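Chemist: Have a look at this one before I ask anything.
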Amino acid sequence: MKSAYALAMEELNSRQEKNKAEMEMRHGEVLIKVPEMAKIETALAKEGTNLLRAVLDGGRDFEKIKSEIQSLQEKKKNLLKDNGFSEDYLDDIYECSKCRDTGFVDGLRCDCHKMLINKYIAKNSNLSELMRKQTFENFDMGLFTGDEKVEKVMKKACGEALKFSNSFDEEKSSLLIMGAAGTGKTFLSSCIANRALERGKTVYYVSAFQIFDMFEKIHFEKGNTEELLQTEKYINDADLLIIDDLGTEFVTQFTAAALFNLVNSRLIEEKSTVISTNLNKDELADLYSQRIASRLTGEYKVILTLGKDLR
Ligand SMILES: [Zn+2]
709 MKSAYALAME
719 ELNSRQEKNK
729 AEMEMRHGEV
739 LIKVPEMAKI
749 ETALAKEGTN
759 LLRAVLDGGR
769 DFEKIKSEIQ
779 SLQEKKKNLL
789 KDNGFSEDYL
799 DDIYECSKCR
809 DTGFVDGLRC
819 DCHKMLINKY
829 IAKNSNLSEL
839 MRKQTFENFD
849 MGLFTGDEKV
859 EKVMKKACGE
869 ALKFSNSFDE
879 EKSSLLIMGA
889 AGTGKTFLSS
899 CIANRALERG
909 KTVYYVSAFQ
919 IFDMFEKIHF
929 EKGNTEELLQ
939 TEKYINDADL
949 LIIDDLGTEF
959 VTQFTAAALF
969 NLVNSRLIEE
979 KSTVISTNLN
989 KDELADLYSQ
999 RIASRLTGEY
1009 KVILTLGKDL
1019 R
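Numbering (my numbering), first residue to last: 709 to 1019.
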């Protein structure tokens, strides 16, 4: 998986190429219909060179050349109009006039570039379309009303999850979301992911099944694809890694060790992780190992979910 930055640069380049091709096409079209345009363009190019020379010479004839250029441009516009083209038909085409599709203005990243990077960060996050729509703003507490205890627990869970998503990077914290199946763990994970994306953080969402399947492929198969290795790198580098539904995958000695390594190395590197699971501490210890259970319940913040079945 390519980085969001590389993908954004590629899109900027393809915009430039597309518009350049369009401009060349328009140019050819005009020259066929209006052959005298060639003369005006040659004259314009010549005066452009003269203007540059005049500037270097200290401004002699500067005004004269400038007005000559203006009159040539006027002629060009009129010629275009007279032949049924719009007067700006041969002007440069840009999708962003601020940076002229270069992505930078005075050495600083243009807003259009930032938007593209954010778009690709979100695309790279592995969140489904549906999950992209699951935000704290859309979190429907109505689903939990009617049962006072459930309501109280979920209000607290939501508040803690929101707080976490606003500060995990500064606090270097990680989160364990524990609760039975269908109590909104995935929804909460999506809310956290979307909030982190809004804040410009890189996020990778993956189910426990997917991530261990991937690790097994990388570990046991010789034909590692470039794509798989890039995704692994993206997972390792993400500001926030979210592993959903731990305990539903097929656990082997390998996956147990892989999970410990992942949890441990992210803790050491102070990178934030969210893990959701329907297992309790004892079950985590039984299924994986005591040391994983201790790491997760001891060093992660724990959020409990409770509920009526949301599915
Ligand atoms: Zn721009």
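Glycine included, every Cβ here is placed at the ideal spot set by N, Cα and C. Quantities reported herein were computed from a predicted structural model and do not represent experimental measurements.
Measure from the alpha carbon of N1056 to the alpha carbon of each residue in T981, T933, Y802, then state which is nearest.
Modeler: Given a span of 709 to 1019 for the chain in the structure shown, any question on residue 1056 remains unanswerable.
Chemist: Can you tell me whether F958 is helix, strand or coil according to DSSP?
Modeler: Looking at F958 - three-state DSSP - the assignment turns out to be coil, as it is neither helix nor strand.
Chemist: What's the call for K784, buried or exposed, on a 16-neighbour Cβ count within 10 Å?
Modeler: K784 is buried by the Cβ-count criterion.
Chemist: Expressed to the nearest angstrom, what Euclidean distance is found between the alpha-carbon atoms of R723 and C804?
Modeler: Whole-angstrom Cα-Cα distance: 10 Å.
Chemist: Helix, strand or coil for V971? Go by DSSP, reduced to three states.
Modeler: Correct three-state label for V971: helix.
Chemist: Is it right to say D953 is buried, meaning 16 or more other beta carbons lie within 10 angstroms of its own, or is it exposed?
Modeler: Buried: at least 16 other Cβ atoms inside 10 Å.
Chemist: Expressed to the nearest angstrom, what Euclidean distance is found between the alpha-carbon atoms of Y1008 and S882?
Modeler: About 5 Å.
Chemist: Given 7 Å as the limit, tell me if D990 has its C-beta closer than that to any heavy atom belonging to ligand 1.
Modeler: Incorrect: D990 has no Cβ contact closer than 7 Å to ligand 1.
Chemist: Leaving out five residues on either side along the sequence, give the residues of the same chain with a beta carbon under 8 Å from the beta carbon of E859.
Modeler: Hits under 8 Å: M849, F852, T853.
Chemist: Round the Cβ separation of N902 and Q842 to the nearest angstrom and send it over; I've been treating them as touching at under 8 Å.
Modeler: Between Q842 and N902 the Cβ distance is about 7 Å, and since that is below 8 Å, they are a contact.
Chemist: Exposed or buried, K893, counting other C-beta atoms within 10 Å across all chains shown (16 or more means buried)?
Modeler: That one is buried.
Chemist: I need the DSSP call for T843, collapsed to helix, strand or coil.
Modeler: Three-state DSSP puts T843 in coil, outside helix and strand.
Chemist: So is S897 buried or exposed if we call it buried at 16+ other beta carbons inside 10 Å?
Modeler: Buried, since its Cβ has 16 or more Cβ neighbours within 10 Å.
Chemist: Out of E856, T963, S873, E868, which has the shortest C-alpha to C-alpha gap to F923?
Modeler: Looking at the Cα atoms, T963 is the closest of the given residues.
Chemist: By a C-beta neighbour count over all protein chains shown, 10 Å radius and 16 as the cutoff for buried, is R1003 buried or exposed?
Modeler: Buried, since its Cβ has 16 or more Cβ neighbours within 10 Å.
Chemist: Does the region 939 to 955 come close enough to the region 909 to 918 to have 3 or more Cβ pairs within less than 8 Å?
Modeler: Counting Cβ pairs under 8 Å, three or more are found: they touch.
Chemist: In chain order, what residues of the same chain have a beta carbon less than 6 Å from the beta carbon of R974, not counting five sequence neighbours either side?
Modeler: Cβ neighbours of R974 beyond the five flanking positions: T981.
Chemist: With a 10 Å radius around its C-beta and 16 neighbouring C-beta atoms as the bar for buried, classify I1000 as buried or exposed.
Modeler: Flag for I1000 reads buried.
Chemist: Rounded to a whole number of angstroms, what is the C-alpha to C-alpha distance between D765 and K741?
Modeler: Each residue's alpha carbon lies about 39 Å from the other.
Chemist: May I ask which residues mark the beginning and end of the alpha helix (DSSP H) holding T985?
Modeler: Segment 980 to 985 is the beta strand (DSSP E) holding T985; no alpha helix (DSSP H) there.
Chemist: Answer yes or no: do S984 and I885 have a C-beta to C-beta separation smaller than 8 Å?
Modeler: The answer is yes: Cβ separation under 8 Å.
Chemist: Going by the beta-carbon positions, is the gap between A712 and N832 smaller than 8 Å?
Modeler: Yes, they are a contact pair.
Chemist: What is the chain-ordered set of residues for which the beta carbon lies under 5 Å from any non-hydrogen atom of ligand 1?
Modeler: With the cut-off at 5 Å, the residues found are C804, K806, C807, C818, C820.
Chemist: Put K827 into one of helix, strand or coil per three-state DSSP.
Modeler: Three-state result, K827: helix.
Chemist: Use the C-beta contact count for A729: other C-beta atoms within 10 angstroms, 16 or more gives buried, fewer gives exposed.
Modeler: Counting Cβ neighbours within 10 Å, A729 comes out exposed, since fewer than 16 surround it.
Chemist: Might you give, ordered along the chain, the residues of its own chain that have their beta carbon closer than 6 Å to the beta carbon of G756, omitting 5 neighbours on each side?
Modeler: Closer than 6 Å at the Cβ level, and outside the excluded window around G756, lies no residue.
Chemist: Taking C-alpha atoms, which residue in Y942, L759, S997 lies nearest to I829?
Modeler: The shortest Cα separation from I829 among Y942, L759, S997 belongs to Y942.
Chemist: For T1005 and L1014, I'd like the C-alpha separation in whole angstroms.
Modeler: Straight-line Cα distance between these residues: approximately 18 Å.
Chemist: Since S915 sits in a beta bridge, which residues does DSSP pair it with?
Modeler: Bridge partners of S915: D952.
Chemist: Assuming M745 is part of the alpha helix (DSSP H), what are its boundary residues?
Modeler: Taken as a continuous stretch (DSSP letters only), the alpha helix (DSSP H) holding M745 covers 745 to 764.
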